[in-house]
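This report refers to the structure that appears directly beneath it.
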Amino acid sequence: METLFNINMNLINEYAEDFNNYLQAYKETKADLFFCDYMANDACFDLAWKLNKPVVGFSRVLTPHPPYVARPILGCRVNMENESFYNRFICAVIKPLQLQWYSRKYLNYLNDKRAEVGVSIHDFRERLMNTLFLVDNFFGFEVSFARLPIYKEVGPILPDTSPNLTSDLNLFLSTHPRTMYIALGTTVYTTPENFAILLHSILELINQNILDGVIWATGLFNESELASTFTLTTNDVIFTSNILNNSYPHIRIIKYSPQFAILSHENTKVFLGHGGVGSYHEAMLTATPMLVLPIAFDQIVNADALELTGKHKGADLIEIVMNLAKLNKAMNEDNELEADNRVLLKHWTNPDSRLGLIRGNNLDVFVIVIALISGLGYGFYKIMFTFKRQSLNDGNPRESSSKPKNE
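Read in order, the letters of the sequence shown correspond to residues 1 to 407 in full-length UniProt numbering.
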């Protein structure tokens, strides 16, 4: 969590520059509507509200969530339905408190940047509740729950056309029937050490004949930070320069790639990505198995949801519905399969309908919290009361019990 907030703090450093750039664009175009990406884009929303212009947000994240939908950014599962009481307690009480603690510094710093450009301090969450958001979702992928009417699901958003394979990539894929495609993003990317580990790993997979080809879109990564050679478990030595200049026959290194065309090819057997929205949408549309290495932001949420959902999307969903009646083995008087549509897809309904009132709203967690606070408060009260009474008793002078003698 601390690492993510450090990233956000770095992004806030660009707030004033972004705000002034947006303001200049507004002066030049006299825009009637602001269309702002939700992720790390406070300047866009702030300018729209400052100018009293209508604004529409664009997001991959659906907020606010019900209690059973947690945030993997906090180290919790995206769906808490099957988690233990302990995990739900941590994610419902402890983690949000940690989030508030880290958010204080972030919000104070953001408000300082706002003051530099004349934006008043405000509660961003309150304004979000009154802003139309278009959500780039993949229907059936997210954990189901009732959305606010102001959030409209419009995804997946993909271009009508996409670049075709180059002749070189087409030849490579045609001659390598077990190809892995790797793309770890262009904005947020992992460390040189991780790149070296990944490259060494795919060389081992190729050497063991598990894969016979890899296409790697490296984006902004600086390949000069890699070691000059890689030594495999068979003691074979592969020169990094041969890989980078595409002299090594089983790997193609490219800066940017026609991703959808690569994923659509029948010889692309697996896609290693960072879990960005566009990437996993394209992978699901092309039915390409995914390995996900999330780095930051919504990638963590997407990776957890992909793991939770598994492969049962698209055509698999239709097949499941078709076969559920067969699995139930309910027959009518004509010996035909029947299905009770009231319960046939019960496992796909909102989790709160299965969790019940208490678990669905984490009431058991909050009852325990209240009981603990009450118990500690009562114990503290009893200790202070006893201490005060003892102090009063010790402060009173002791009266003598002797009586005067009668003479």
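Just so it is clear, CB atoms sit at the ideal spot from N, CA and C, and this is done for glycine as well.
All of these numbers come straight from a predicted model, not from anything done at the bench.
Item	Value
Cβ-Cβ distance between proline 156 and histidine 265 below 8 Å	no
Reference valine 270; option with closest CA among Gly278, Val292 and Phe387	Val292
Pair within 8 Å by beta-carbon distance, glutamate 153 and valine 135	yes
Alanine 296: CB within 7 Å of a non-hydrogen atom of the ligand NAP	By its list of ligands, the structure shown contains no ligand whatsoever, and the ligand NAP lies outside what it can speak to.
Coil, strand or helix - serine 59 by DSSP	strand
8 Å contact criterion, which arginine 252 and asparagine 246 should meet: CB distance rounded	6 Å
8 Å Cβ cutoff met for glutamine 259 and glycine 275	no
Minimum C-alpha distance to lysine 53 - residue among Ile262, Ser59, Thr175 and Cys36	Cys36
Spatial neighbours of aspartate 46 in its chain, beta-carbon cut-off 6 Å, leaving aside the 5 residues before and after	Val119
Threonine 240 versus Ala196, Phe221, Leu263 and Tyr256, residue with shortest Cα-Cα distance	Ala196
Sub-8 Å separation of histidine 250 and isoleucine 210 beta-carbons	no
Distance between leucine 363 and phenylalanine 380 (C-alpha atoms, nearest Å)	25 Å
With 16 other Cβ atoms within 10 Å as the buried cut-off, status of lysine 113	buried
Close-in-space but distant-in-sequence residues of the same chain around threonine 218 (CB under 7 Å, 5 per side omitted)	Ile253 and Lys255
Bridge-paired residues (DSSP) for isoleucine 182	Trp216 and Leu272
Residue range of the alpha helix (DSSP H) that includes tyrosine 256	Tyrosine 256 -> no alpha helix (DSSP H), and no H or E assigned at all.
Proline 96 versus leucine 173 - alpha carbon distance	47 Å
Contacting residues, own chain, Cβ-Cβ under 6 Å from proline 177 (five flanking each side not counted)	Asn267
Supposed contact pair isoleucine 12 and tyrosine 109 - C-beta distance, whole angstroms, cut 8 Å	6 Å
Ranges of the beta strand (DSSP E) found wholly within the region 73-148, counting only runs of at least 3	132-135
Nonlocal neighbours in the same chain, by C-beta distance under 7 Å from aspartate 18, ignoring five residues either side	Ala43
Under the three-state DSSP convention, the category phenylalanine 387 falls into	helix
Assumed close pair valine 365, valine 93 - CB separation to whole angstroms, cut-off 8 Å	6 Å
Where aspartate 160 sits in the DSSP three-state scheme	coil
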